[in-house]
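To keep things clear, I will list the structure first and then write my remarks on it.
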């Protein structure tokens, strides 16, 4: 009976030894796992958090800029709708295309108001954002200067580049070189 | 009876085994086995686990909050971009206005009207001589005038008046010719504008 108990006690001791070894192994494995997790997983997570924070900062700055731009655009939109009348005037003065024919009609009408008759009218495209016109008129000498003044006072942005004025038997031959401007987009 | 004895013996053995088996330790004692065997390692491990778990939870919460804020920020950004895109015509229109205004101002500044000095010149010429030809080219910035008069003194008066005028910079008499047939003086001169 004692022998049997001794056997069982020895078996139990061996079992305890085994468990101690196992316990050490598990402890080591656990500590190793935790350290490994700390080193890599937590490190990665910290990196991700920092990167995400940076992205968040950048996004905030971007959103601030966009809000500013959007507010400015809304303000501009409001101002544009308030100044439609002036925009129409500006469009008449500096149109987005040549509209040379419109200007020619206006010029001939202005000449007619001052008793000048159109003789020749030709158009040539300029190298830049303007078209060149050459126009000849006939009329009386005393209306020459008022006609030039009226031609320069037209709504359309134009420049009288040259004048050739000659009088033959009290009739003025007036040749004008004119540049009319437009927005070249 | 025999069976009863055998059964009793077996029962006694089982009782002994159960008393002497590794299960002599209670479940609580088994759990704290490591604590008893390696208390320092166990405590350190436990603390490490706690710290790791706390750090992990904190980082997870921060990440979650950041992610939520990022999602909200992205949505706001997309909405703003959509608004700005919808109003992009305003920017184009304003650019056009800016170009047009600049063009208007610069053109008018570089090319002042001719009418004011032409008026002055024509008035002086009408008072003194008879102008037969007037030419003006803007880039030269002077008038080339051909005139006739039956009196030479008329030219003197004309020159005096021209030089007194606020628009006129200078005057150059290029040619004066007397035509005996018509008894008149033909002159050609340049009038430079300021």
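Chains as they are written, first to last, in my numbering: chain P, 306 to 490; chain F, 2 to 195.
From the three backbone atoms N, C-alpha and C, an ideal C-beta is built for every residue, glycine too.
Computed from a predicted structure; not experimentally measured.
Check: Over the uninterrupted alpha helix (DSSP H) stretch that includes residue 154(F), give me the two end residues.; Outcome: 153 to 165
Check: Buried or exposed for residue 308(P), going by 16 or more other Cβ atoms inside 10 Å?; Outcome: exposed
Check: I need the straight-line Cα distance from residue 196(F) to residue 488(P), nearest angstrom please.; Outcome: The structure shown has nothing for residue 196(F), since chain F only spans 2 to 195.
Check: Checking contacts by CB at 7 angstroms: is residue 155(F) closer than that to chain P?; Outcome: no
Check: So residue 354(P) contacts chain F; which residues on that side make the cut at Cβ distance below 8 angstroms?; Outcome: 60, 63, 64, 67
Check: Could you name the residues of the same chain whose beta carbon sits closer than 6 angstroms to that of residue 121(F), not counting the 5 residues immediately before and after it, in chain order?; Outcome: 166, 168
Check: My output table needs one value for residue 467(P): the three-state DSSP class, helix, strand or coil.; Outcome: strand
Check: Taking only beta carbons into account, state which residues of the stretch 334 to 364 of chain P come closer than 9 angstroms to chain F, listed in chain order.; Outcome: 335, 336, 339, 340, 342, 343, 346, 347, 350, 351, 353, 354, 357, 358, 360, 361, 364
Check: Roughly how many angstroms separate the alpha carbons of residue 85(F) and residue 145(F), rounded to a whole number?; Outcome: 57 angstroms
Check: Measure the alpha-carbon distance for residue 424(P) versus residue 406(P) and round it to whole angstroms.; Outcome: 16 angstroms
Check: Which one of 99(F), 68(F), 69(F) has the shortest CA to CA distance from residue 385(P)?; Outcome: 99(F)
Check: Would you decide whether residue 476(P) is buried or exposed? Buried here means 16 or more other CB atoms lie within 10 Å of its CB.; Outcome: exposed
Check: CA-CA distance, residue 462(P) and residue 88(F)?; Outcome: 29 angstroms
Check: So which residues on chain P does residue 185(F) lean against when the C-beta distance must stay under 8 angstroms?; Outcome: Within chain P, no residue comes near residue 185(F); the closest Cβ sits about 14 angstroms away, beyond 8 angstroms.
Check: Are any of the Cβ atoms in chain P nearer than 7 angstroms to that of residue 84(F)?; Outcome: yes
Check: Measure how close the beta-carbons of residue 133(F) and residue 147(F) come, nearest whole angstrom, since I'm counting them as under 8 angstroms.; Outcome: 5 angstroms
Check: Going by C-alpha distance, which of 473(P), 444(P), 428(P) is nearest residue 485(P)?; Outcome: 428(P)
Check: Within 10 angstroms of its Cβ, does residue 452(P) collect 16 or more other Cβ (buried), or is it exposed?; Outcome: buried
Check: If the cut is a Cβ gap below 7 angstroms, which residues of chain P does residue 114(F) touch?; Outcome: 457
Check: In chain P, what lies closer than 8 angstroms to residue 49(F) by C-beta?; Outcome: 336, 339, 340, 343
Check: Can you tell me whether DSSP reads residue 171(F) as helix, strand or coil?; Outcome: strand
Check: Checking contacts by CB at 7 angstroms: is residue 123(F) closer than that to chain P?; Outcome: yes
Check: Residue 194(F): buried (16+ other C-beta within 10 angstroms of its C-beta) or exposed?; Outcome: buried
Check: Please determine if the stretch 346 to 360 of chain P and the stretch 51 to 67 of chain F are in contact, where contact requires at least 3 C-beta pairs separated by less than 8 angstroms.; Outcome: yes
Check: Which residue from 77(F), 76(F), 142(F) puts its Cα closest to that of residue 172(F)?; Outcome: 142(F)
Check: For the 8 angstroms Cβ check, are there 3 or more pairs between the stretch 357 to 371 of chain P and the stretch 64 to 74 of chain F?; Outcome: yes
Check: Going by alpha carbons, who is nearest to residue 430(P) out of 397(P), 402(P), 328(P), 382(P)?; Outcome: 402(P)
Check: Using the Cα positions of residue 178(F) and residue 154(F), report the straight-line distance between them to the nearest angstrom.; Outcome: 14 angstroms
Check: Cutting at 6 angstroms between CB atoms, please list the residues of its own chain near residue 22(F), excluding the five before and the five after it.; Outcome: Any reading at residue 22(F) must be qualified, since the residue scores a pLDDT of 49, below 50, and its modelled position is unreliable; the value itself is stated next. Around residue 22(F): no qualifying Cβ.
Check: Do you know how far the Cα of residue 328(P) is from the Cα of residue 321(P)?; Outcome: 10 angstroms
Check: If you draw a straight line from the alpha carbon of residue 480(P) to that of residue 456(P), how long is it in whole angstroms?; Outcome: 13 angstroms
Check: Using a Cβ-based criterion (distance less than 6 angstroms to any ligand heavy atom), does residue 419(P) qualify as near the ligand ZN?; Outcome: Ligands are entirely absent from the displayed structure, and the ligand ZN is therefore not among its contents.
Check: Any beta carbon from chain F within less than 7 angstroms of residue 467(P)'s own beta carbon?; Outcome: yes
Check: Using 10 angstroms around the beta-carbon of residue 43(F), count the other beta-carbons present and answer buried if the total reaches 16, otherwise exposed.; Outcome: buried
Check: Quick one: what's residue 138(F) bridged to in DSSP?; Outcome: 467(P), 143(F)
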